[in-house]
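Structure record follows, encoded as structure tokens.
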Amino acid sequence: MTNGLGTLLVGMGRAGHGLHLPVLRRLRADPGTAHLFAAGPVLAVDPHRRPGAAPDLRPTTLAGAPRLLDPERTVVHLCTPPTARAAALDALGRLGYRRVLLEKPVAADSRGLDELLALRDRYGIDLVVVAQWLGSRLTDRLRALLAQDAYGPLRTIHVVQRKPRFSRSLAGDGHPTAFDVELPHSLGLCLALAGPGEVTGAGGTDMVVGGRVLPRLGTAWLNLQHDSGAWTRIRSDLTSPVRERRVTLELAHGTLIGHFPGSEADAYARLTVIDRDGESTELLHDDALGGFLEHTYRYYAADGTGRGPHPDLAVNTQVVRLLDRAKAMAADDAAGGGARGGAVRGGAVRGGAVRAAVGR
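With the first letter of the sequence shown counted as 1, position 98 gets the number 98 in the UniProt record's numbering; the numbers rise by one all the way through.
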């Protein structure tokens with residue numbers, strides 16, 4: 001009998017079933033990490049569908065889960081849509097669960113975030129946000145190069161996130177805007193690299209598929225001025241035919257270009273360094289979600305008596321508040337006409353009337 005922690009997956013959609021479960025299976029089978037997990041199947045709860053049973057996966061209900069695994073020795077992966085997060089966390093708190101891993105985004109807006117933080121305080125829940133970019137090997141290398149100060153001060157960060165996301169957007173998976181899909185990862189990364197800041201501009205477009213308009217789910221962009229003097233520009237396109245997750249750091253005496261894995265299908269990142277001596281490139285094995293979950297279970301397994309919030313919680317709460325501000329600015333821009341007619345500001349087409357058309 002192992003002394004590891006049990007696992008309860010709440011929400012078996014794309015994140016729970018498609019991302020968390022395969023990584024958990026790999027970690028539970030690996031001799032180096034198997035001891036972190038309790039014997040027996042992973043429990044699965046979904047409010048909208050009954051998860052399929054498997055030897056290592058047992059469907060249950062939220063009310064029935066505590067009879068199968070002790071809440072005090074269980075890690076909950078809360079993978080419900082952000083718009084339904086507070087009700088689920090309240091139910092988990094009432095049942096005695098105290099270790100809760102939240103899928104991004106933490107909440108859809110600042111009000112939802114405040115509800116979650118109030119529930120955390122009420123039940124004494126130790127919240128950890130899924131932010132695998134903060135723990136990836138590529139991010140570690142970027143942090144190390146910045147710390148060495150070999151290329152001078154950081155001036156700008158440019159992030160490009162592109163992928164086709166038509167089917168999931170049409171299905172309505174609880175992500176209200178394009179700001180809620182990829183930007184929680186990239187904005188958290190930029191805050192970790194350059195420090196706190198304020199949004200100075202934001203905008204986005206709708207997605208149009210076969211004549212059906214999906215408001216604010218096409219593209220999203222924001223500009224951020226950091227207190228350190230650096231500034232960030234993030235661009236996300238959910239109508240792109242190709243996948244790319246690229247971050248470019250421009251420093252006084254060099255440029256760092258990082259490519260994160262495009263999807264869970266591969267686990268390699270790429271880092272290119274350009275300086276006065278030329279250009280060099282290295283590949284990094286970067287199973288970011290696997291490393292993040294392993295680190296989280298080790299964190300939860302340690303005695304947490306008296307410790308404060310998880311170190312990354314402050315960054316992730318700041319992400320929600322900044323994205324809330326960006327979404328408000330984008331909505332104001334669209335309401336005011338924005339870039340109607342195809343005008344461009346800051347390198348991105350702006351305004352809700354400028355749409356990414358598909359299927360016409």
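Glycine residues also receive a C-beta, built at the ideal position from the N, C-alpha and C atoms.
query: Member of R270, L289, D275 whose CA lies at the smallest distance from the CA of L283; result: R270
query: Where the alpha helix (DSSP H) through R26 begins and ends; result: 21–29
query: The region 208–224 / the region 251–258 touching (three or more Cβ pairs under 8 Å); result: no
query: Cβ-based burial, Q148 [other Cβ within 10 Å; buried from 16]; result: exposed
query: Check whether Y299 and L5 have beta carbons under 8 Å apart; result: no
query: Terminal residues of the beta strand (DSSP E) in which R216 lies; result: 212–226
query: With 16 other Cβ atoms within 10 Å as the buried cut-off, status of E72; result: exposed
query: Alpha carbon of E115 to alpha carbon of V106, nearest angstrom; result: 11 Å
query: D206: first and last residue of the uninterrupted alpha helix (DSSP H) it sits in; result: Here D206 belongs to no alpha helix (DSSP H); instead the beta strand (DSSP E) covers 197–209.
query: H77 versus R58: straight-line alpha-carbon distance, rounded; result: 15 Å
query: Residue(s) in a DSSP beta bridge with L69; result: None; L69 has no bridge partner.
query: Buried or exposed by the 16-neighbour rule on C-beta atoms within 10 Å, applied to H295; result: exposed
query: C-beta contact flag for L170 and V209 at 8 Å; result: yes
query: Cβ contact check for the region 274–294 and the region 27–35: 3 or more pairs under 8 Å; result: yes
query: C-alpha distance - P164 paired with E279, whole-angstrom precision; result: 31 Å
query: Range of the contiguous alpha helix (DSSP H) that encloses V315; result: 313–335
query: V247 versus L191 - alpha carbon distance; result: 13 Å
query: Contact with chain D by F166, beta-carbon distance below 8 Å; result: In the structure shown, chain D does not exist; there is a single protein chain.
query: CA-to-CA distance, D173 to P215, given in whole angstroms; result: 14 Å
query: Opening and closing residue of the beta strand (DSSP E) in which Y268 lies; result: 268–275
query: Where S136 sits in the DSSP three-state scheme; result: coil
query: Whether L89 touches P66 by CB criterion (8 Å); result: no
query: Contact check, M329 vs V181, beta carbons under 8 Å; result: no
query: 8 Å CB neighbourhood of A252 in its chain, flanking five on each side removed; result: Y151, G152, P153, R155
query: Inter-residue CB distance, V75 and K104 (contact presumed, cutoff 8 Å); result: About 17 Å separates the two Cβ atoms, so there is no contact after all.
query: Whether D56 touches R25 by CB criterion (8 Å); result: yes
query: Coarse secondary structure for A178, derived from DSSP in three states; result: helix
query: Cβ neighbours of W231 in the same chain (closer than 6 Å, five flanking residues each side left out); result: T156, Q225
query: DSSP-derived helix/strand/coil call for S110; result: helix
query: Cα-Cα separation, A87 to L119; result: 10 Å
query: Residues sharing a beta bridge with V160, DSSP; result: R235, R246
query: Assigned secondary structure, H48 (DSSP; H/G/I helix, E/B strand, else coil); result: coil
query: Identified DSSP bridge partners for P59; result: A44
query: Cross-strand partners of T255 (DSSP beta bridge); result: E250, I274
query: Beta-carbon gap between S186 and I125 smaller than 8 Å; result: no
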